[in-house]
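**Student:** To start, I am sharing the structure in question, which I have written as structure tokens.
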Amino acid sequence: MNPDLAPAQHDSARATTRIGLKETPFAPRLRPLNQFEALEYWQGYWSPAHFGNMEREYFAIRNTASVFDISPMNKYRITGPDADAFLQRLVTRDVTKISVGRVAYTVWCDDAGQVIDDGTLFHLGEQDWRLCCQEHQTFWLEASARGFDVSVREETEEVAGLSLQGPTSFSVLSRLGLGGLETLKPFGIRRWPFRGHELMVSRTGFTGDLGYELWIAPGGALDLWDALMEAGQGIGGVEPTGSHALNMARIEAGFLGAQLDFIPADKAIRAGRTRSPYELNLGWLVDLAKGQFTGRKALVEEKARGSRYCLVAVDIEGKEPAEGSLVYHKQKTEVGHITSGIWSPTAKRNIGLASLKRPFGDTKTEDLWVEIYALHELRWEKVMARVRVVKAPFFEPARRRATPPLPF
Amino acid sequence: MSTRYDHIVIGAGHNGLVCAAYLARAGRSVLVLEAAEEVGGAARTAEIAPGFRVSACAHLLYGLHPRVIRELSLRRHGLDYASASLQTAVMGADGSVLRLKTDHAAGVIDAADIVALPGFRRRLLKMARHLRPMLLMQPPRLAGRDLKQNIDLARLGFAIRSMGQADMRDFLRIATMNVFDLVQDNFASPLIQAAFAADAVLGTNLGPRSPGTVLTLLYRLIGEVGPVQGAVALPRGGMGAVTQAIAASARDFGATIRMGAAVGRIRVEGERVVGVELADGEFIAAGSVVSNASPQRTLLDLVGPRHLDAGFQRDIGKIRAKGNTAKLNLALSGLPAFRGLDAADLAGRIVLAGSPSAIEAQFDPSKYGEWSPEPLMEITIPSATDATAAPSGQHVLSAVVQYAPYRLKEGWDAARARYLEVLLDHLERFAPGIRQQVVAQQLLTPLDLERDYGMPGGHWHYGELAIDQLLMLRPVNGAARYAMPIAGLFLCGAGAHPGGGVTGAPGHNAAQAVLAEAKPLERAA
């Protein structure tokens, strides 16, 4: 075993000094299952890449129920008399339209209107919010807090998170005895007592399918895990999944990945590599009329001037995954590249997300090609495949939004 | 009162008044709001005892810009020098004295250094002269320039290139160096080394060995008094008389100056500045607001971070501004007797500094929150040449005291009285008997300078003069062209390019930026 990936030892000598990657509260269940030690680094935690059979994990997301440990997700608790006002200045959406008990997907920008990160904003109570995102935001949130009577506290380690996704997720969760679960709408939040802890359930996820995210104190994590596994028995089971299967599902859903489909503005070193919300097809998240927020001035100017790039969903001829490939106009002029791309087993199409220089992908969508290099048994083959700009998502089952969800 | 002005200028410091005068001269209606009961800000003459009048903070002119003097007719409005080119007497702790005036040196100095002095000065003055065009230039943007800004940038590059290849190489070599190494390379005698080292560090939070101190020395030499570049002038009537002249000019052009009007808030509506609210709640509308206050106070206190993008207000909050300079003003019953100095020396500038190493050693305690017990001082006795400064036969002494850290470990309020004793003891060593002559005293620590004069961190320049906070980076990257990110808000003080010192340049440049961007209000016929 790679000693760098060795989990922390919970003996007394190491109780205060943690060495190596951190473990999530679900690790005691996840580690034995991860026979290949297929682990990835995720913001200081080890996180499973797969459990030996990515296809099986992917099809669980689409056909039965899957769990993915989202405890490493950075969680910031934002409270205080100015919590609403602070968030209104931070993010691009109008937070006054997010009711208590609701979740909203949003982005936030730097002064130049370039996306720093995206994440979900949980309205937990009056002037009480949680921001969940992939990248560390402590410095940015602290800088943004000046002049506001607000407390910003990272609570990543205090909340265990498990994403339960798939068509049978409602049935599985119902078996835990969560009364009224059937009335929980997409992006809604509800809480139930669960074995001495409070279980918070939000109908959210990163798969574009029916699904829930479960939030509980670390002490209740293993009970929750065991209960879910038990609940899955007889109805197709609950499959632990890794990031590879999740990545396929999120591309099918047309969701963006930080560091993949955009470079967080505070991480970019080279000028011009960052993207605005408009350039990521996230203009619908930007409310220029709500008043001052960071990046607003730059975004108003961009709107008047026009954006440099666009992010589009593409359907690629053939079956060769095109991630990282260059996109050409008339097979000649380079106009961008495929930021994420897979063969979609559910859509039965070769799909991807592409970052293109406008007007390509925007007003000019004809005669686009992608140059794919594929290695087949020590031979590189170059394919020039036709690209069609399509509407995302590539897969959107009705069950995703159905309330109440149908039992399976 | 429903009066509405084209422009409101916050603060009647010299830059605020220069800006107001230029705006009024262009036909705009201008209101200057000053919290104190008199104009001047840090360029003010204070009466520290009946009949004893002395420049409260800044006491010497290194180059009020000639164009400002001419275009605002400051001579006609009362600008006058008690002395237009002061001699400097450098005193070492061992009683050695060196006299310096332009290219001439006499006293404790090697013969070789006397020969080297004119060439050294010529070299520095030439470099400084080539930097001069940038004084009255709005720093060009680094990205997204228009034609005018490209020309400005080209002018700046051309100014450096036109030094000639050898001088340009020399400039690029020494510009980011420290003054300690520069004077070691050029002189052998400690007092002449100390003279240049002192000029480089006065008013800054830098020691002679700190990087960038050659640049601060060049900055000081850019200015000119009359036709003489690098000269030091003592204004008649103290620094307050200079700002009185600028105020008279501004009034003459039609500006209104209101005293005792402290601004409580700059009002922002719909992402543009609409006017100011005074501390007592009165609202005064204006097309634009120009602030002579520091960037920190203007943006973080008067506007408020909420109206600003998060990154911008963070950068403003991180401007390096830690004052390390105090000011001591004394009313004396007679002319102090500095050892080895004659009447002519007392009419000039006296610098207590033995060597660059000694200055560096004086700087060291300040890093750890302690004052230097034997500090570098720059002293003038204005009453020696200006009869208006003190009652007949009596005198005022004005001393800029280098290294008194803003963050003093024990806190200034607790230590102020003891520090005064330290300074008087130090003076007593150079001028025996001076303690008995003290009639009244005024000590301004960095904390007092922050409280009473609005200098953030008690820093005389509102922000350290360093390569990362100059030109396009002053006050912060992306805001160097006087216009702030909120429409209708401008900066005109030392926090903006080219920085502190009584030059009038930031005020002049800000006025040009205001006139270029803000249209006068339409008035009903």
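Protein sequences appear in the order of chains X and U.
So the first sequence is numbered by my numbering: it starts at 388 and just counts up by one.
So the second sequence is numbered by my numbering: it starts at 480 and just counts up by one.
Glycine included, every Cβ here is placed at the ideal spot set by N, Cα and C.
As the structure is a computational prediction, the values presented were derived from the model and not from experiment.
Is residue 587 of chain X helix, strand or coil by DSSP?
**Tutor:** Counted from its first residue, the first sequence places residue 587 of chain X at position 200. Three-state result, residue 587 of chain X: strand.
**Student:** Spell out the partners DSSP gives residue 552 of chain X in its beta bridges.
**Tutor:** As a working mapping, residue 552 of chain X is identified with position 165 in the first sequence. The partner list for residue 552 of chain X (beta bridge, DSSP) reads X:453, X:598.
**Student:** In whole angstroms, give me the CA-to-CA distance for residue 720 of chain U and residue 547 of chain U.
**Tutor:** Translated into positions along the second sequence, residue 720 of chain U becomes position 241. Translated into positions along the second sequence, residue 547 of chain U becomes position 68. Per the coordinates, the alpha-carbon of residue 720 of chain U lies some 16 angstroms from the alpha-carbon of residue 547 of chain U.
**Student:** 7 angstroms is my cut-off, CB to CB: does residue 693 of chain X come that close to chain U?
**Tutor:** As a first step, residue 693 of chain X is located in the first sequence; it is residue number 306 there, counting from the start. False, the Cβ-Cβ gap to chain U never drops below 7 angstroms.
**Student:** Do the CB positions of residue 741 of chain X and residue 782 of chain X come within less than 7 angstroms of each other?
**Tutor:** As a working mapping, residue 741 of chain X is identified with position 354 in the first sequence. As a working mapping, residue 782 of chain X is identified with position 395 in the first sequence. Taking 7 angstroms as the Cβ cut-off, residue 741 of chain X and residue 782 of chain X do not qualify as a contacting pair.
**Student:** Between the C-alpha atoms of residue 779 of chain X and residue 444 of chain X, what's the straight-line distance to the nearest angstrom?
**Tutor:** For this step, residue 779 of chain X is matched to residue 392 along the first sequence. For this step, residue 444 of chain X is matched to residue 57 along the first sequence. So the alpha carbons of these two residues sit roughly 23 angstroms apart.
**Student:** If you measure between the beta carbons of residue 746 of chain U and residue 756 of chain U, is that distance less than 7 angstroms?
**Tutor:** Within the second sequence, numbered from 1, the residue matching residue 746 of chain U stands at position 267. Within the second sequence, numbered from 1, the residue matching residue 756 of chain U stands at position 277. Contact: yes.
**Student:** Suppose only complete runs of 3+ residues qualify. What are the beta strand (DSSP E) ranges in the region 425–492 of chain X, listed by chain order?
**Tutor:** 426–429, 432–435, 452–456, 461–466
**Student:** Tell me, please, whether the CB atom of residue 780 of chain U is closer than 7 angstroms to any CB atom in chain X?
**Tutor:** Numbered from 1 along the second sequence, position 301 holds the residue referred to as residue 780 of chain U. It does not; no Cβ of chain X falls within 7 angstroms.
**Student:** Let's test the definition: count the other Cβ atoms within 10 Å of the Cβ of residue 948 of chain U and tell me whether it reaches 16, buried, or not, exposed.
**Tutor:** Position 469 of the second sequence, counted from the first residue, corresponds to residue 948 of chain U. Buried, by the Cβ-count rule.
**Student:** Whole angstroms is fine: what's the gap from residue 990 of chain U's alpha carbon to residue 502 of chain U's?
**Tutor:** Counting from one through the second sequence, the residue named residue 990 of chain U turns up at place 511. Counting from one through the second sequence, the residue named residue 502 of chain U turns up at place 23. Answer to the nearest angstrom: the Cα atoms are 6 angstroms apart.
**Student:** Counting C-beta neighbours from all protein chains within 10 Å, is the total for residue 496 of chain U 16 or more, i.e. buried, or is it exposed?
**Tutor:** As a first step, residue 496 of chain U must be located in the second sequence, where it is residue number 17. It counts as buried.
**Student:** So residue 625 of chain U contacts chain X; which residues on that side make the cut at Cβ distance below 9 angstroms?
**Tutor:** Within the second sequence, the letter at position 146 stands for residue 625 of chain U. Those do not exist, as residue 625 of chain U stays about 15 angstroms from chain X at its closest Cβ, beyond 9 angstroms.
**Student:** Spatial neighbours of residue 946 of chain U within its chain, please: CB distance less than 6 angstroms, with the 5 preceding and 5 following residues excluded, ordered by chain position.
**Tutor:** For the purposes of this step, residue 946 of chain U is taken as the residue at position 467 of the second sequence. Here the set comprises 691.
**Student:** Are the C-beta atoms of residue 619 of chain U and some chain X residue less than 7 angstroms apart?
**Tutor:** As a first step, residue 619 of chain U is located in the second sequence; it is residue number 140 there, counting from the start. Cβ-Cβ to chain X under 7 angstroms: no for residue 619 of chain U.
**Student:** Expressed to the nearest angstrom, what Euclidean distance is found between the alpha-carbon atoms of residue 794 of chain X and residue 447 of chain X?
**Tutor:** For the purposes of this step, residue 794 of chain X is identified with residue 407 of the first sequence, where counting begins at 1. For the purposes of this step, residue 447 of chain X is identified with residue 60 of the first sequence, where counting begins at 1. Each residue's alpha carbon lies about 16 angstroms from the other.
**Student:** Which residues, in order along the region 517–540 of chain X, keep a beta-carbon less than 8 angstroms from a beta-carbon of chain U?
**Tutor:** Correct list: 527, 530, 531, 533, 534, 535.
**Student:** Under 8 angstroms by Cβ, that's how I've got residue 711 of chain U and residue 541 of chain U pegged, so tell me the actual separation to the nearest angstrom.
**Tutor:** As a position in the second sequence, residue 711 of chain U is number 232, starting the count at 1. As a position in the second sequence, residue 541 of chain U is number 62, starting the count at 1. Right, the Cβ-Cβ distance comes to about 6 angstroms (below 8 angstroms), so this counts as a contact.
**Student:** Just the C-alpha distance for residue 846 of chain U and residue 838 of chain U, rounded to the nearest angstrom, thanks.
**Tutor:** One-based indexing of the second sequence puts residue 846 of chain U at position 367. One-based indexing of the second sequence puts residue 838 of chain U at position 359. If you take the alpha carbons of residue 846 of chain U and residue 838 of chain U, they lie about 13 angstroms apart.
**Student:** If we cut at 7 angstroms on Cβ distances, does residue 793 of chain X have a partner in chain U?
**Tutor:** Position 406 of the first sequence, counted from the start, is the residue given in the question as residue 793 of chain X. No, its Cβ sits nowhere closer than 7 angstroms to a Cβ of chain U.
**Student:** Pick out whichever of X:773, X:673, X:657, X:665 has its Cα sitting closest to the Cα of residue 713 of chain X.
**Tutor:** Position 326 of the first sequence holds residue 713 of chain X. The candidate whose alpha carbon is nearest that of residue 713 of chain X is X:773.
**Student:** Would the beta-carbon of residue 441 of chain X fall within 7 angstroms of that of residue 631 of chain X?
**Tutor:** Here residue 441 of chain X refers to the residue found at position 54 of the first sequence. Here residue 631 of chain X refers to the residue found at position 244 of the first sequence. Yes, the pair counts as a contact, with Cβ atoms nearer than the cut-off.
**Student:** Between residue 941 of chain U and residue 773 of chain U, is the Cβ-Cβ spacing less than 7 angstroms?
**Tutor:** If you number the second sequence from 1, residue 941 of chain U lands on position 462. If you number the second sequence from 1, residue 773 of chain U lands on position 294. Yes, the Cβ-Cβ distance between residue 941 of chain U and residue 773 of chain U is below 7 angstroms.
**Student:** Taking 7 angstroms as the CB-CB limit, is residue 480 of chain U close to chain X?
**Tutor:** What you label residue 480 of chain U is simply residue 1 of the second sequence in a count that begins at 1. Any answer about residue 480 of chain U is weak, because its pLDDT of 45 lies below 50 and its placement is not dependable; what the coordinates show is given next. With 7 angstroms as the cut-off, residue 480 of chain U does not count as an interface residue toward chain X.
**Student:** Output the distance between the C-alpha atoms of residue 619 of chain X and residue 747 of chain X, rounded to the nearest integer angstrom.
**Tutor:** Locating residue 619 of chain X in the first sequence gives position 232, where the first residue counts as 1. Locating residue 747 of chain X in the first sequence gives position 360, where the first residue counts as 1. One C-alpha to the other measures close to 47 angstroms.
**Student:** Name the residue from U:996, U:938, U:931 whose alpha carbon lies nearest to the alpha carbon of residue 516 of chain U.
**Tutor:** Translated into positions along the second sequence, residue 516 of chain U becomes position 37. Ranking the options by Cα distance to residue 516 of chain U, first place goes to U:931.
**Student:** Taking Cβ positions only, does residue 976 of chain U come closer than 7 angstroms to chain A?
**Tutor:** Absent from the structure: chain A. Protein chains present are X and U.
**Student:** So with CB distances below 8 angstroms, who are the chain U contacts of residue 476 of chain X?
**Tutor:** Along the first sequence, one-based indexing puts residue 476 of chain X at 89. Simply 785, 789.
**Student:** Just to confirm my understanding: we take residue 763 of chain U, look at its own chain, exclude 5 residues before and 5 after, and list those with CB closer than 6 angstroms. What are they?
**Tutor:** Translated into positions along the second sequence, residue 763 of chain U becomes position 284. Hits under 6 angstroms: 754, 755.
**Student:** From residue 571 of chain U to residue 824 of chain U, what distance separates their C-alpha atoms?
**Tutor:** Counting from 1 along the second sequence, the entry for residue 571 of chain U is found at position 92. Counting from 1 along the second sequence, the entry for residue 824 of chain U is found at position 345. When rounded, the distance between both Cα atoms is 15 angstroms.
**Student:** Give every residue of the same chain whose Cβ lies closer than 6 angstroms to the Cβ of residue 588 of chain U, excluding the five residues on either side of it in the sequence, and list them in chain order.
**Tutor:** In the second sequence, residue 588 of chain U corresponds to position 109, counting from 1. Cβ within range, chain order: 577, 668, 671.
**Student:** Residue 450 of chain X and residue 521 of chain X look like a contact to me (Cβ under 8 angstroms); what is the Cβ gap, rounded to whole Å?
**Tutor:** Taking the first sequence and counting its residues from 1, the one referred to as residue 450 of chain X is at position 63. Taking the first sequence and counting its residues from 1, the one referred to as residue 521 of chain X is at position 134. The pair is not a contact, with the Cβ atoms about 27 angstroms apart (cut-off 8 angstroms).
**Student:** Rounded C-beta distance between residue 509 of chain X and residue 633 of chain X? I'm assuming under 8 angstroms.
**Tutor:** Indexing the first sequence from 1 puts residue 509 of chain X at position 122. Indexing the first sequence from 1 puts residue 633 of chain X at position 246. That pair is no contact at about 20 angstroms.
**Student:** If I follow the unbroken alpha helix (DSSP H) through residue 898 of chain U, where does it start and stop?
**Tutor:** Within the second sequence, residue 898 of chain U is the residue found at index 419, counting from 1. In the DSSP assignment, residue 898 of chain U falls within the alpha helix (DSSP H) that extends over 891–909.
**Student:** Tell me whether residue 995 of chain U is buried or exposed, calling it buried when 16 or more other Cβ atoms sit within 10 Å of its Cβ.
**Tutor:** Position 516 of the second sequence, counting from 1, holds the residue named residue 995 of chain U. Residue 995 of chain U comes out exposed.
**Student:** What does the Cβ neighbour count give for residue 507 of chain U, buried or exposed, with the cut at 16 atoms within 10 Å?
**Tutor:** On the second sequence, position 28 is the one that residue 507 of chain U refers to. With 16 or more Cβ atoms within 10 Å of its Cβ, residue 507 of chain U is classed as buried.
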